[in-house]
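See below for the structure under consideration.
Numbering (my numbering), first residue to last: -18 to 132.
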């Protein structure tokens, strides 16, 4: 673990953790939270009915965000190195940046989601993707050196 962890990746981990908490809140507090976060009336109604779908989808997103937070912490040097950290950081950065930019093409696939949801969530994804990308770029030589030292 580094004495001076990468601040961009630490911020990315924090954002992922906060996003995971918000998603977990939707599971715990139900339809009102789905509505507040703009997930669409259909998701809110399914949550009110106790249907499994909103819980499973939201749980998968929550777990994914927690894994991404762990990879950010690993890349930052705040925790021990996780397997395939370099690849994971590149993939996470790419996914978040694409999600942030491609919302116009995603909107028709989820017509229940509000425009406000798409704008805010896309800005958050762009911010998180930029933090992951900047932190990975800054940390890349250290990640490469660790890989070489392990070989």
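Virtual Cβ for every residue (Gly too), placed ideally from N, Cα, C.
Proximity below 8 Å, CB of residue i to CB of residue j
i: residue 28; j: residue 18; result: no
i: residue 109; j: residue -3; result: yes
i: residue 113; j: residue -7; result: yes
Buried or exposed (CB count within 10 angstroms, at least 16 for buried), residue i
i: residue 130; result: Because residue 130 carries a pLDDT of 49, less than 50, the predicted location of this residue cannot be relied on, and the following value inherits that uncertainty. So residue 130 ends up on the exposed side.
i: residue 1; result: buried
i: residue 86; result: exposed
i: residue 31; result: exposed
Local conformation of residue i per DSSP, three classes
i: residue 103; result: helix
i: residue 117; result: helix
i: residue -16; result: coil
i: residue 8; result: helix
i: residue -11; result: helix
i: residue 19; result: coil
Cβ of residue i within 8 Å of any chain C Cβ
i: residue 108; result: The structure shown has no chain C; it contains just one protein chain.
Given 8 Å, three or more beta-carbon pairs between the stretch 70 to 80 and the stretch 33 to 44: no
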